Each structure stands twice: as C-alpha cells, then as structure tokens.
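The structure appears below as structure tokens.
Number of protein chains: 2
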Amino acid sequence: MSAKKVADLPTPALVVDQAALDYNIEVMAAALPGARLRPHVKAHKCTSLARRQAQAGHRGFTCATIRECEGMVAAGLGEDVMLANEVLDARRLGALADAGARLTLAVDSAETIEAAVRGRVREVIIDVNVGLPRCGCQPHDAGRLANMARDRGLSVRGVMGYEGHVMIVEDGAERARQCRESMEMLVAAAADVGGELISAGGTGTYDCNTWANEIQAGSYALMDTQYGRQGHPFRQAVFVLATVISSPSEWSVADAGLKAFGMDHGNPELDGSQVWFCSDEHTTFSPPRSVGDQVWLAPAHVDPTLAYHEQLHLVSDDEVLETWTIDLRGW
Amino acid sequence: MSAKKVADLPTPALVVDQAALDYNIEVMAAALPGARLRPHVKAHKCTSLARRQAQAGHRGFTCATIRECEGMVAAGLGEDVMLANEVLDARRLGALADAGARLTLAVDSAETIEAAVRGRVREVIIDVNVGLPRCGCQPHDAGRLANMARDRGLSVRGVMGYEGHVMIVEDGAERARQCRESMEMLVAAAADVGGELISAGGTGTYDCNTWANEIQAGSYALMDTQYGRQGHPFRQAVFVLATVISSPSEWSVADAGLKAFGMDHGNPELDGSQVWFCSDEHTTFSPPRSVGDQVWLAPAHVDPTLAYHEQLHLVSDDEVLETWTIDLRGW
Numbered sequence: 005m006s007a008k009k010v011a012d013l014p015t016p017a018l019v020v021d022q023a024a025l026d027y028n029i030e031v032m033a034a035a036l037p038g039a040r041l042r043p044h045v046k047a048h049k050c051t052s053l054a055r056r057q058a059q060a061g062h063r064g065f066t067c068a069t070i071r072e073c074e075g076m077v078a079a080g081l082g083e084d085v086m087l088a089n090e091v092l093d094a095r096r097l098g099a100l101a102d103a104g105a106r107l108t109l110a111v112d113s114a115e116t117i118e119a120a121v122r123g124r125v126r127e128v129i130i131d132v133n134v135g136l137p138r139c140g141c142q143p144h145d146a147g148r149l150a151n152m153a154r155d156r157g158l159s160v161r162g163v164m165g166y167e168g169h170v171m172i173v174e175d176g177a178e179r180a181r182q183c184r185e186s187m188e189m190l191v192a193a194a195a196d197v198g199g200e201l202i203s204a205g206g207t208g209t210y211d212c213n214t215w216a217n218e219i220q221a222g223s224y225a226l227m228d229t230q231y232g233r234q235g236h237p238f239r240q241a242v243f244v245l246a247t248v249i250s251s252p253s254e255w256s257v258a259d260a261g262l263k264a265f266g267m268d269h270g271n272p273e274l275d276g277s278q279v280w281f282c283s284d285e286h287t288t289f290s291p292p293r294s295v296g297d298q299v300w301l302a303p304a305h306v307d308p309t310l311a312y313h314e315q316l317h318l319v320s321d322d323e324v325l326e327t328w329t330i331d332l333r334g335w
Numbered sequence: 005m006s007a008k009k010v011a012d013l014p015t016p017a018l019v020v021d022q023a024a025l026d027y028n029i030e031v032m033a034a035a036l037p038g039a040r041l042r043p044h045v046k047a048h049k050c051t052s053l054a055r056r057q058a059q060a061g062h063r064g065f066t067c068a069t070i071r072e073c074e075g076m077v078a079a080g081l082g083e084d085v086m087l088a089n090e091v092l093d094a095r096r097l098g099a100l101a102d103a104g105a106r107l108t109l110a111v112d113s114a115e116t117i118e119a120a121v122r123g124r125v126r127e128v129i130i131d132v133n134v135g136l137p138r139c140g141c142q143p144h145d146a147g148r149l150a151n152m153a154r155d156r157g158l159s160v161r162g163v164m165g166y167e168g169h170v171m172i173v174e175d176g177a178e179r180a181r182q183c184r185e186s187m188e189m190l191v192a193a194a195a196d197v198g199g200e201l202i203s204a205g206g207t208g209t210y211d212c213n214t215w216a217n218e219i220q221a222g223s224y225a226l227m228d229t230q231y232g233r234q235g236h237p238f239r240q241a242v243f244v245l246a247t248v249i250s251s252p253s254e255w256s257v258a259d260a261g262l263k264a265f266g267m268d269h270g271n272p273e274l275d276g277s278q279v280w281f282c283s284d285e286h287t288t289f290s291p292p293r294s295v296g297d298q299v300w301l302a303p304a305h306v307d308p309t310l311a312y313h314e315q316l317h318l319v320s321d322d323e324v325l326e327t328w329t330i331d332l333r334g335w
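One line per chain: the protein sequences are A and B, in this order. Here the first sequence stands for residues 5 to 335, numbered as in the working numbering. Here the second sequence stands for residues 5 to 335, numbered as in the working numbering.
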C-alpha cells in the first residue's frame, strides 16, 4: 500500500472514495446479481474499475465505443462484451471476435447489418427505439431486421432498447410508469425477434425495470449529483479534488473547471458552498476559503467528467490507495 | 502529403479547415503583430498549431496549466511562456526555468508569491482583478504585492488582468465600453507595479483593448459558435466530423456527443439542421440524413472541446493534409 496522501496530489485530480465505490457495487450486485446486470463501462472508462464489477459477479459488459470494446478485451474482460451502439465500420470489432472475444453489436438498419457482415462480426442484437429520440429501429420493424440479419449469416441474441428519456425523471412512480410503457414495446419486439436477451435500463431504472432480463447500468458505481437526486441507495463516490488558488474577495477560486467536468447537466456541487460558475481551469464559489485549501467537487454528470481525466485515485480518508488509468478514453 | 481522405477518417474526429486556420492566423497577425499578441494555447492545446502562430511572428505564449508550459518548452516554444494562472506548487515551473526556458508566473497573493519562491520561479506578473469574479488581487493591492515579490527576490514583469466577463458581451459597442472600464483599473495598477507588461484581453476584445500592450487571445485561431456571433473577421475552422449511424424516423443520430464537445455554451451547431440534444456518444438532429453520411458539427466552445480529443486532422476539401497531436491536454 502506498503511503501517498490526498493532500499531496497535484490538482485537479479525480478521486474515488473506496468505501462508497465498494458499497455501490455491493448494493447493485445484491439487487441485480450476476448476469442480471451488464455494467456499462461508458460511465467510468476504466478497466480496473470494471474488474471490481467482474469480481462482484458481472461477467458481461456494455460498451458505447469500439475503443471501449478493445480495451475491455485487452484487459481480459472480453468474455461477453456488447457494443450497445451502431457503427458503420465494424472491422476492429470483427478483429476482436477473430481473436477469441465474444462480441455482440447493436444493429438497427439494413446498413448497420451490412456493416456487421463486412466487419466479420458474428453476433448482433436488434436495437429497438422505445421512446428516446435516438438510435433503434421502430418496434414493429425489429422482427424484419432480425430475419435480415439471420439471412446474412449473423446470430441474433435478442433485443435491446434504452429508455434514456426515463432516466432523468426525478419522481420514482412516474419513472416506473414510463419505464413500463417503454418496456412493453421492447417485450413485444422481443417476441418478434427471438433470442435470449432483453437488454435495457440504466441506473435510473435498475429497480423498476423488471421486463428486461439484463440491465445496462453504469453510473451507479461512481454516481453524480443528477442521479443523486433520484433517491437511489447509491452514494457519491467520485469527486474532482481541487485547490483554492485565489480568494481575492467574497469568493474563492478552485483550480478545476470546464476541462475537468462534463457540464451538460450543470455546475459541479461543493458541500456547504454556492458554486457561481466554471471557466476553463477554474470554479468560482462562495463563501471564500483559505488559499491552499483542498475542496471536493461533485460532478453533475459522471460520464463526460471521467472522459476528461487520465487517471483516478482510489482514496480512503486522507490516503491514496491506488491510482487507476482511465484507459478506455477516446474512440 | 498524405493521400488520406476525410471520408476515410474514423469518427468522431476533430477536423480543422486549413484555409480558415491560415486566414485567422493572418488576420490576427496583421491586427496584432509580433509581441502585441501572446497567443493563449489553452484554446487549442496543440504545439503544432502554436508553431504556426510562432511562424506568424508571435514568440511569447500564454498558458493556463503547468502541463501546457511543459509541453510548449518541450516543443521548443519556450522563449517566453507565461502561466496566466495561480499555482501553489510551482516546482515543475522552476525546473523549466532551470532548464533555460523563460517562464513567467501569475501571482495575486502572499501565498502564491511564496509558492513562486519555493518553486524557484524567477519572474512573475501581478494578476489584477478587473471585474470578473475569478483570480487577481484588488487593483489597489497590486503595488504592495509587487513590492513583496521583489523583496522575495522575484523579478516583476508587470501586470495582467483578464476582462473575461466582457468577452461574452455580444454587442460590440457595449463590449468596448466595459473593456475600457476594466483596463482603466489595470493601467492604474500598472503604474503602481512597474515593469514593462500590461497583459490582458482575448478574442472578444482583441480589437477594442488598446490599453494592454499584449493581448492573450486564443480562440481566434479555431473559433466557435459563441465567438462567431460577435461579428469578428475570424472563420469557423474547427469541426467535429461525425457519421450518421441511425435515421429511424424524423431525426438522425450522429456518432459524436457529450464526450466530443465542451457543452457549457450549449449544443454544437450543424449547418442547415436543428440539433435536438447530445448524449454521451450521440447528437440527435433533424431533418434526417442518410445513414453513412458524414456531418460537420461546429462546437459552441472551442477550449473544452479540444481538451476531449487526442488529435486533430488538418484538412483541405476532402483531403487530410496532416494529423496533429493535441499534446497539451491534462495537468
């Protein structure tokens, strides 16, 4: 164990509270054990963290990019990797399958089926639109696409459909109601498609989505302030550690800003303080603190926050236990 | 010259139109020749691009992070590098000065002056608050801090003061008025401080800030949609190239999202289209286009956009001319 102290970390630095991370992984593994959860690595982009999820019993993983798939396979976590996204050049994925990884690719059109064939991908899943205006075929079209894929020699593992529009509904009962609506569409499509997988969901619906037979949650492990408002049992585990570099008046400035936080869900939060705004390398907040103080800023959106950082430090109290590379960044 | 085509780039990819980049650099060098401009590398984080700015006559550069300073020196661009930001651990900067680079560090308090001394930094500039609630001492305190720095053996090169609150004012006349207010404070502080530098400004005030004797503009080289609305002569040079991966209904989905764009100034823009929203790896827009089409998305804020990408491709029409590493990322 390193004797490195949190106080000695150059800032900004991504820090993860080990106790909170362990707790979140345990709570989720109890709720959705083993294959009931297919953790989404896009939330953390870190194979060291994925390994903790695998140790908790989840052997299949969800990815959003080809680079994430490649990194998971390279880390020995390629037992059952699903790219829950469409691509038009699947050759790097076919190469992973050639090398022995189990790789499943989402398809939602004739073009993406042809890309899978050209890329030598073996297994696909039919991506069904369940209400979020994003990828996925119309539900009534799923059976036709499955037949087309099988005709082209692909194995069809089932359906996926991401109810992303439901994730951000803060009220739990309303979230459950909208989730049911989406999943009724997906279950109907599954009947047309066949195969064993009905893959859907996320941290926002992990507890109410009882229709999918695997849930693609990712944010639960580290959390963010947006999911924190939904009342789930998960704890905020990730923070950006920053140093107060200036306290010129009734505010202070910490040395972490727009290049340390995904900002689409708003400003980071600082316990007991009011965050005024972020600029490229700064967060201005009040009341002021002493120059040199360290502050722990909680990100509003975990996924695009992690994507800015090269590494994270696993910490316990004032001690740095391990440093993990965020090795799945980029494309 | 590479025969690589834009159509062959894996997406998302950062592309820079060479003609627009050259034009922007030329226009700025004509307006603020040589040392009148101290280009800010935080906007692009790319030493290959900084080298083009040096070739246009600007030999001094502005940085926002220690990593940016280190990278500029390593690239042979360390003739006069200013870290326009406060730090409490300046040892890596002192090491650059030890190795022969000219390194100037912003200070705004007794604590940051002591950090400069401890870090073996030789030259500092007094950072003055000119209205933006961020770093910088109160204007009336600048002379006292300069004396304190000199007493501690540091050389004081002058003052800097960033009128960042003025940058985002869309109306040119109002921008000029507010810029004058800020710069009158800075010029008064300069009289108390001494030294030769009055360093300030940015792309938003490069043409109206006639008080500073050097301007720290960065965004002008690549531009973004926010600065594009201010009526400056600079052209949008940087885009995120994305592929349409799904067109399931009255919208399309391109494969670039929250991890490819700084989002604090809002969604990217797509010529002739309405951008609906971004998610981690997707941008949904209408009207729909064909699956497989490439689209060029213009970022709303250049600095945090560049910080997400490992490289940029310099392009001319359908040809990729060069690929540059964005080598100043991180801290």
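Note that CB positions come from ideal geometry on N, CA and C, so glycine has one too. These figures come from a predicted structure and were not determined experimentally.
- In terms of beta-carbon proximity, Asp-112 (chain A) lines the interface with chain B, with at least one pair separated by less than 9 Å.
- DSSP, read as helix, strand or coil, puts Met-189 (chain A) in helix.
- Residue range 70-78 is occupied by the alpha helix (DSSP H) that includes Ile-70 (chain A).
- By the neighbour-count definition (other C-beta atoms within 10 Å, threshold 16), Asp-259 (chain B) is a buried residue.
- Closest by C-alpha distance to Arg-148 (chain B), out of B:Val-197, B:Gly-61 and B:Leu-41, is B:Val-197.
- Interface criterion met: the Cβ of Gln-142 (chain B) is under 9 Å from a Cβ in chain A.
- Here the alpha carbon of Cys-141 (chain A) sits roughly 10 Å from the alpha carbon of Ala-114 (chain A).
- Asp-322 (chain A) carries a coil assignment under DSSP once its states are collapsed to helix, strand and coil.
- Listed by position along chain A, the residues whose Cβ is nearer than 8 Å to that of Thr-69 (chain B) are Glu-285.
- For a cut-off of 8 Å, the C-beta gap from Ala-47 (chain A) to Asp-307 (chain A) is around 5 Å, short enough to register as a contact.
- Counted as a single uninterrupted DSSP element, the beta strand (DSSP E) harbouring Thr-108 (chain A) occupies residues 107-111.
- When DSSP states are grouped into helix, strand and coil, Leu-136 (chain B) belongs to the coil group.
- By the criterion of a C-beta distance shorter than 8 Å, Gly-64 (chain B) is surrounded in its chain by Ala-39, Arg-42, Glu-83, Asp-84, Val-85, Met-86 and Glu-218, once the five residues flanking it on both sides are discounted.
- Under the three-state reduction of DSSP, Glu-30 (chain B) is assigned to helix.
- A direct Cα-Cα distance of roughly 16 Å separates Val-244 (chain A) from His-269 (chain A).
- Within the same chain, Cβ atoms closer than 7 Å to the Cβ of Trp-328 (chain A) are found at Cys-50, Ser-52, Leu-53, Gln-315, Leu-316 and Leu-318, the five residues on either side in sequence being excluded.
- The criterion of a C-beta distance shorter than 9 Å is satisfied by Asp-112 (chain B) and Asp-131 (chain B).
- In this structure, Gly-135 (chain B) and Ser-186 (chain B) form a Cβ contact; the two beta carbons are roughly 5 Å apart against a cut-off of 8 Å.
- With respect to chain A, the C-beta atom of His-317 (chain B) has no partner C-beta closer than 9 Å.
- Between Glu-188 (chain A) and Gly-162 (chain A), the beta carbon gap of about 16 Å keeps them out of contact (Cβ cut-off 8 Å).
- The beta-bridge partner set that DSSP reports for Ile-219 (chain A) consists of A:Leu-41 and A:Ala-204.
- In the three-state DSSP reduction, His-144 (chain B) falls in the helix class (H, G or I).
- Annotation: Cβ neighbours of Asp-268 (chain B) in chain A (cutoff 8 Å, chain order): Leu-262, Met-267 and Cys-282.
- Taken residue by residue, none of the region 187-210 of chain A has a beta-carbon sitting less than 9 Å from a beta-carbon on chain B.
- CA-to-CA, the gap between Arg-154 (chain B) and Leu-18 (chain B) works out to about 45 Å.
- Counting C-beta atoms within 10 angstroms of its own C-beta, Asp-321 (chain B) has fewer than 16 neighbours from the protein chains shown and is therefore classed as exposed.
- Against chain B, the CB of Tyr-312 (chain A) has a partner CB under 9 Å away; the residue lies at that interface.
- Minimum Cα-Cα distance from Met-171 (chain A) among the listed residues A:Thr-69, A:Gly-235 and A:Gly-75 corresponds to A:Gly-235.
- Using a CB distance below 8 Å, the part of the region 38-49 of chain B facing chain A consists of Lys-46, ordered along the chain.
- Annotated three-state conformation of Ile-249 (chain B) is strand, per DSSP.
- The straight-line gap separating the alpha-carbon atoms of Ala-79 (chain A) and Ala-225 (chain A) is approximately 19 Å.
- Interface annotation, Arg-138 (chain A): in contact with chain B, CB-CB separation under 9 Å.
- At the C-beta level, Thr-108 (chain A) and Val-121 (chain A) stay beyond 9 Å of one another.
- Residues of chain A with a Cβ closer than 7 Å to the Cβ of Pro-16 (chain B) are, in chain order, Trp-335.
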